[in-house]
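Okay, structure first, notes after.
In the numbering used here, the protein residues as written are 55 to 176.
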């Protein structure tokens, strides 16, 4: 009987935990990040990705890009980033400035807007 009660208690705890979990948005400026023409909202409902959604995504992206400073503004044909170097720079910044937000150059991967090639150099 104890084994059944424990399993039941665990299942109820999981369901309660899922019910009170806060929805989060992390990617694409918190705009839902539609993929394949659909959007899944914070309540788990599907809906079509509309032109209004697309326009809002473009506006949000432009707000971020227009606020770019320094190297992020300079257009270049190719940007190369090192994941090791990026990780080290993030670690160094967090160590030197605990609690502060990473600078834009790190947040936006030095202005990277697309990936054409990936080179693995062990």
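Quick reminder that beta carbons are idealized off the backbone N, C-alpha and C, glycines included.
Item: Could you round the C-beta distance between residue 38 and residue 156 to whole angstroms and report it? I think they count as a contact, below 8 Å.; Value: With the chain covering 55 to 176 only, the question about residue 38 has no answer from this structure.
Item: Three or more C-beta pairs under 8 Å: does that hold for the segment 101-109 against the segment 139-159?; Value: no
Item: Name the two residues that bound the continuous beta strand (DSSP E) containing residue 145.; Value: Segment 137-150 is the alpha helix (DSSP H) holding residue 145; no beta strand (DSSP E) there.
Item: In this structure, what does DSSP give as the bridge partners for residue 101?; Value: 93
Item: State the Cα-Cα distance for the pair residue 140 and residue 160, rounded to the nearest angstrom.; Value: 7 Å
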